[in-house]
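Below is one structure, written out as structure tokens; comments come after it.
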Amino acid sequence: MLSGEISAPFKKCGFLFTQIRTATKRAAGSRTSMKDSAGRRLGPKKYDGQEVKTGQILMRQRGTKFFPGEYVGIGKDHTLFALEPGFVRYYLDPFHPKRKFIGISLTKEATLPTGHFEPTPRRFGHTLLDNQKAAKKEEDALPRKVFLASEEIEDAMKDRAKKRAVLKKQYAKLLSSQLKVEVANENLATDYLVRLRSCLRNGFLLGDAQFYAKRYLEMTTQLAAEKAGASKEEIAAKMAEIESITSTLNSSVSFSNKFVAGKFISESDKAASRDKLVGELVSARQNISSKKDVEALKSLFKDASTFLTLSDEVLLRRRFLKPVFSESTAKATLVEGSPASANAAQNGKTDGKTKAKSKGKGKNKTVQLKRFNYETSKVETIERDSSAFLSKL
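Following full-length UniProt numbering, the numbering of the sequence shown begins with 1 at its first residue and continues without gaps.
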């Protein structure tokens, strides 16, 4: 709303001017009683090859005569505007043959559309700082959120550095005293093992973890050598040393599924150990009758982490250390209900989880359960021997 005052030689008169702005013609309404209103000045505002800035309008239209292309946005009234500074391009896309596009190319020589398998051009907005003071200031600059949490971040980084130092000492002792592995550069070898363990903890497969741990050492060594002004021959010698050390460690050290380093175990040996463990578990599971048998069964998993993956170990534990035996090995007898229901219960057609009181003493101790019979639609009480439950042995 605008208001003002006009002075005249004889008298003063005031005026009041009100302007209502609306986004579209439809929202504005009409007071002309079916008369046509002024045009909306539609059409192109920037032509092919013109340089534009962010936010400049490229096309005003009713409907999508032209569609937004690369780095072009569209408004609610179908106005096309630039999202990045660059040069206007009117073009056709082979994937949309019936559409006409307006896009922005970031350079004067670039054409649109960008090739289907080519990387999308992006503007990162970085400029080279020649002034050392300005460059140092930019390096030290931190976002406000990071600056406020900088103390916590520094403490966490120090804690991680201490843990890595402890791991390096443990790995150095492991290589020298237990595994008797000789390496030219012990510091480089322990760095590789620490990085390899970190990659494995992050979920990488063994081959990928070895590749990325080795690549990390190569990149850090190369950057440090280039910063120190080392020659190409010196850098090549360091790369060869890394290759030799990593290949030696890959054939000398293995990690368990709990990320503990130990003696190297080949894939064939792991498969043989797994088959042997499964056979022992099957025989021990069939002859289980007391707590000692349960402890003996659990002791078979003592060294399983060295040759089993975590998923395999969990699967075998769930299979052979079930808290409740299946009814095929320890049958259930019906306490309440018809004989037909008892046969259905023994055939495993019902399911129950509610626990009742235990009866009897010693080896003849039984446990009563209530479960629902889906054939008779009734709740039945069944009786199972206590040997069917690991916790009752």
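Backbone N, C-alpha and C define an ideal beta-carbon position, used for all residues, glycine too.
Check	Outcome
Complete alpha helix (DSSP H) runs within the stretch 106-169 (minimum length 4 residues, chain order)	132-140, 144-148
Counterpart residues of Glu380 in DSSP-defined beta bridges	Arg371
Same chain, Cβ closer than 7 Å to Ser305, neighbours up to 5 away in sequence not counted	Ser256, Asn257, Lys258, Glu313
Pick from Phe81, Lys392, Glu375, Gln368 that is closest to Ile382, judged by C-alpha positions	Gln368
Given Lys214 as reference, the closest of Ala228, Glu234, Ser247 once Cα atoms are compared	Ser247
Pro119 versus Phe325 - alpha carbon distance	58 Å
Sequence-distant residues of the same chain with beta carbon closer than 8 Å to Thr111, five excluded per side	Arg89, Tyr91, Ser105
Three-state class that DSSP yields for Leu249 in the structure shown	helix
Selected residue, minimal CA-CA separation from Val278, among Phe372, Leu316, Thr309, Ala228	Leu316
Beta-bridge pairing of Lys238 - partner residues as DSSP gives them	Beta-bridge pairing links Lys238 to no other residue.
Nearest-angstrom Cα separation, counted from Lys263 out to Val253	5 Å
Cβ neighbour criterion (16 or more within 10 Å) applied to Gly43	exposed
Endpoints, beta strand (DSSP E) assigned at Tyr90	86-93
Pairwise C-alpha distance: Leu188 and Val282	45 Å
Arg384 versus Glu267: straight-line alpha-carbon distance, rounded	43 Å
N-terminal and C-terminal residue of the beta strand (DSSP E) that Lys263 is part of	261-263
Whole-angstrom distance between Asp93 and Arg164, CA atom to CA atom	53 Å
Exposure label - Ser3; buried when at least 16 CB within 10 Å	In this predicted model, Ser3 has a pLDDT of only 49, less than 50, meaning its place in the structure is not dependable; the value taken from the coordinates is given anyway. Exposed.
With 16 other Cβ atoms within 10 Å as the buried cut-off, status of Lys238	buried
Coil, strand or helix - Glu243 by DSSP	helix
Runs of alpha helix (DSSP H) wholly within the stretch 284-310 (minimum 4 residues, chain order)	291-299
Cut-off 7 Å between Cβ atoms - residues of its own chain near Tyr47, not counting five sequence neighbours on either side	Val88
Euclidean distance between Cα positions of Lys291 and Met219	55 Å
Given Lys98 as reference, the closest of Lys158, Leu129, Thr64, Leu200 once Cα atoms are compared	Thr64
Alpha helix (DSSP H) segment containing Leu80, residue limits	Taken as a continuous stretch (DSSP letters only), Leu80 belongs to no alpha helix (DSSP H), being part of the beta strand (DSSP E) at 80-82.
Residue from Glu139, Thr114, Arg62 whose Cα sits closest to the Cα of His126	Glu139
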